[in-house]
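Chains E and A, in that order, give the protein sequences.
Going by our numbering, the first residue of the first sequence is number 9, and it counts up by one from there.
Going by our numbering, the first residue of the second sequence is number 4, and it counts up by one from there.
These notes concern the structure reproduced below.
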Amino acid sequence: MYPEEYRYTEEHEWVEVDGDQATIGITHHAQDQLGDVVFVELPKVGIQLHATISFGTVESVKAVSDIYAPVGGEVVEINESLVDAPEKLNEDPHGDGWLIKIRLSDKNELKNLQTAEEYQKYIAAESES
Amino acid sequence: MATTSTVETLKKTPLNAIHRAAGARMVDFGGWDMPVECSGIIAEHMAVRTGVGLFDVSHMGEIEVRGPQALELVNYVTSNNVAVLVDGQAQYSGLLYPNGGFVDDILVHRIASGHYFLCVNASNQDKDFEWIISQNSFDAEVEFAGPNYVQLAIQGPKALETLSKLTATDLAKIRYYWFERGEVLGVPAIIARTGYTGEDGFEIYVPPEEGERIWAAVAEAGREFGLILCGLGARNTLRLESAMSLYGHEIDGRVTPYEARLGWIVKLDKGDFIGRDALVKQKESGLARRLAGLEMRGRGIARDGYRVWAGSQDAGWVTSGSPAPFLQKNIALCMLPMAASHPGQKVEVAVRQRLVEAEVVPTPFYSRKN
């Protein structure tokens with residue numbers, strides 16, 4: 009369910025690193041909590057993101073949820089297909105439902121994130137509380 | 004992302020264990036632990052528009068009024084005219100404060116002469132009961148009857164065929180906003196052709212100890228029509244498409260029926276009732292504001308509480324806003340100055356840091372064909 013090579017945040021985003029670039033999305037748990045996603049708002053290419061700062065919004069039928077940058081970097085690509093097919097976030101949150109790609113500012117920031125194992129323990133504890 | 008609150012402190016309906024076992028997503032709704040979605044709001048919404056859906060609405064409150072002057076009491080505390088009801092007839096009405104604002108919006112059922120059955124909002128039921136008691140200078144008894152009933156809503160074009168399998172009552176003969184006292188699975192039931200979805204359907208009131216058995220039987224009876232279990236999320240989008248008011252959103256203690264476009268539940272000529280004087284004055288002086296329907300024209304979803312701008316002025320607010328799954332539009336109800344409340348009016352909704360174009364449209368957004 010949660011790819012081993014990804015890193016995760018407590019706000020339920022994931023990061024996949026490929027050299028100096030990273031792909032960012034929301035987790036399966038996040039989309040499950042949100043329900044049917046109907047609207048996605050993403051930053052423009054070229055915008056500089058900072059770790060832990062909100063960069064976009066995902067809306068389901070019932071809720072609005074901010075998305076936070078797991079790590080800093082410049083936006084190099086956004087997933088345009090989500091405009092017409094936001095349901096991809098429900099169907100394939102860790103794949104086709106990716107949100108943005110960035111050029112990493114500081115790879116050291118990745119150390120602050122959770123591994124797949126840590127994240128799964130985190131959401132298990134969160135749903136019990 | 005939101006997390007769950009402490010479940011132990013929440014009130015539960017007799018079907019709570021069934022919902023949890025079915026894997027429904029539960030939320031704190033006005034102090035009740037209720038299913039918000041079961042298989043997804045869009046799927047549930049569409050099932051009700053095209054087939055049939057089953058809702059547990061046992062959190063709703065019931066108040067029964069009995070006695071020689073039951074009619075006089077209910078007529079005094081509500082805005083619609085209870086005197087026109089006959090046995091087996093139901094009526095939408097307002098329980099109002101002296102200022103004309105809503106204590107609650109309710110359904111009044113006449114069970115018999117001298118016996119009225121009120122269905123009230125879950126989170127208002129204690130307040131409503133105390134309010135009615137405080138106004139009771141009549142020869143009437145008021146009973147808080149919420150715990151006596153499980154209330155199920157079977158809604159959709161296939162609701163009649165579904166429920167018919169479980170009762171000998173001829174459901175086709177029950178007209179909209181009428182009810183019968185009959186049996187479901189051999190259990191005494193109030194079977195009302197009412198609902199909060201804008202679709203045909205029934206609301207049934209049965210003894211709580213029979214709730215689980217009847218719930219399961221209705222679910223099974225509707226299976227061939229694609230029945231799915233529905234939560235409060237779909238209940239909200241369905242009522243919003245039909246432009247029905249929700250207490251705490253469109254209406255509250257500061258909003259009058261006229262402002263909420265519910266003038267049809269105000270019968271000024273029926274005799275004195277609480278709120279009448281204020282409503283007479285408001286009718287004479289004219290409305291400063293009223294509810295209006297909006298359709299988003301730009302890309303963005305209006306949500307509850309967002310500000311609405313008209314003519315470069317911050318003019319009002321969204322009372323309820325959401326995507327409309329059947330209409331496939333983003334719609335909202337909002338409170339606007341009278342001058343800006345007419346269909347065709349261009350407005351803007353403040354969605355986070357942007358103003359998104361919208362237009363006032365006639366309501367309801369959706370009305371069924373049959």
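C-beta: ideal position from N, C-alpha, C; glycine also.
Between the CA atoms of residue j and residue i - distance to the nearest angstrom
i, j, result
"A:Asp90", "A:Ile114", "5 Å"
"E:Val84", "E:Gly54", "6 Å"
"A:Thr165", "A:Leu290", "44 Å"
"A:Phe120", "A:Ile334", "34 Å"
"E:Asn116", "E:Pro78", "12 Å"
"E:Val72", "A:Trp312", "21 Å"
"E:Asp114", "E:Gly81", "8 Å"
"A:Asp108", "E:Gly64", "38 Å"
"A:Tyr79", "A:Phe276", "4 Å"
"E:Val48", "E:Leu118", "25 Å"
"A:Gly33", "E:His36", "28 Å"
"A:Val350", "A:Leu76", "44 Å"
"E:Lys52", "E:Val46", "20 Å"
"A:Phe368", "E:Glu24", "43 Å"
"E:Tyr10", "E:Glu136", "19 Å"
Residue range of the beta strand (DSSP E) that includes residue i
i, result
"E:Leu112", "108–112"
"A:Val145", "144–147"
"A:Glu362", "357–364"
"A:Val30", "28–32"
"A:Gln316", "316–327"
"E:Thr31", "29–34"
"A:Asp1", "Nothing can be reported for residue 1 of chain A, as the shown portion of chain A is limited to 4 through 373."
"E:Leu118", "Run containing E:Leu118: none; DSSP gives neither H nor E here."
"A:Cys3", "The question about residue 3 of chain A has no answer, for chain A in this structure spans 4 to 373."
"A:Asp2", "The structure shown does not extend to residue 2 of chain A, since chain A is modelled only from 4 to 373, so the question has no answer here."
"A:Ile193", "190–195"
"A:Pro367", "First-last for A:Pro367: undefined, no H or E at that position."
Reduced DSSP secondary structure (H/G/I, E/B, other) of residue i
i, result
"E:Ser135", "helix"
"E:Lys70", "coil"
"A:His345", "coil"
"A:Ala246", "coil"
"A:Met330", "First, the amino acid is wrong: residue 330 of chain A is Leu here, not Met. In this structure, A:Leu330 counts as coil in the three-state DSSP scheme."
"E:Glu21", "strand"
"E:Ile75", "strand"
"A:Arg293", "strand"
"A:Val354", "strand"
"A:Lys270", "coil"
"A:Phe58", "strand"
"A:Ala171", "coil"
"E:Lys129", "helix"
"E:Glu49", "strand"
"A:Lys176", "helix"
"E:Glu85", "strand"
"E:Asp65", "A small fix is needed here, since residue 65 of chain E is Thr in this sequence, not Asp. It is a strand residue."
"A:His112", "strand"
"E:Gly105", "coil"
"A:Pro211", "helix"
Extent of the continuous alpha helix (DSSP H) run through residue i
i, result
"A:Ile21", "19–24"
"A:Ile74", "It should be pointed out that residue 74 of chain A corresponds to Leu in this sequence rather than to Ile. First-last of the alpha helix (DSSP H) with A:Leu74: 73–80."
"A:Gln285", "279–288"
"A:Gly214", "214–224"
"A:Ala50", "44–53"
"E:Leu97", "96–99"
"A:Leu163", "162–167"
Cβ shell of residue i (< 8 Å), same chain only, five flanking positions each side left out
i, result
"A:Met49", "Pro328, Phe329"
"A:Thr240", "Ile44, His48, Ser325, Pro326, Ala327, Pro328"
Nonlocal neighbours in the same chain, by C-beta distance under 7 Å from residue i, ignoring five residues either side
i, result
"E:Asp104", "Lys96"
"A:Val30", "Met37, Val39"
"A:Ile21", "Glu215, Trp218"
"A:Val283", "Leu271"
"A:Phe228", "Gly54, Val55, Lys161, Glu164, Thr165"
Close beta carbons around residue i, own chain, < 6 Å, minus the five adjacent residues each side
i, result
"A:Thr7", "Note that A:Thr7 has pLDDT 47, beneath the 50 cutoff, so the model's placement of it is unreliable and the number below is only indicative. So the list is empty, once near-sequence residues are dropped."
"A:Arg302", "none"
"A:Met4", "Only weak support is given to the placement of A:Met4: the predicted model assigns it a pLDDT of 41, under 50, and the value that follows is read from those uncertain coordinates. Closer than 6 Å at Cβ, skipping near neighbours: no residue."
"E:Ile86", "Leu50, Ile108"
"A:Glu67", "Phe120, Glu146, Ala148"
"A:Arg257", "Gly104"
Chain-ordered neighbours of residue i on chain A, where CB pairs are closer than 7 Å
i, result
"E:Glu67", "Ile304"
"E:Asp92", "Under the 7 Å cutoff, chain A gives no residues; its nearest Cβ is about 11 Å from E:Asp92."
"E:Phe47", "Ile304"
Closer than 8 Å at the beta carbon, the chain A residues around residue i
i, result
"E:Val72", "Ile304, Arg306"
Contacts that residue i makes with chain A (C-beta to C-beta distance below 9 Å)
i, result
"E:Thr43", "Checking the displayed sequence, the identity of residue 43 of chain E turns out to be Gly instead of Thr. Within chain A, the residues near E:Gly43 are Arg28, Val39, Glu40, Gly43, Ile44, Ile45, Gly236."
Closer than 7 Å at the beta carbon, the chain E residues around residue i
i, result
"A:Ser325", "Val69"
Proximal residues of chain E, C-beta to C-beta of residue i below 9 Å
i, result
"A:Pro328", "Asp44, Val46, Val69"
"A:Gln240", "Per the sequence shown, the amino acid found at residue 240 of chain A is Thr instead of Gln. Within 9 Å Cβ-Cβ: Val69, Lys70."
CB contact below 8 Å: residue i versus chain B
i, result
"A:Ser248", "As a matter of chain content, chain B is missing from the structure shown, whose protein chains are E and A."
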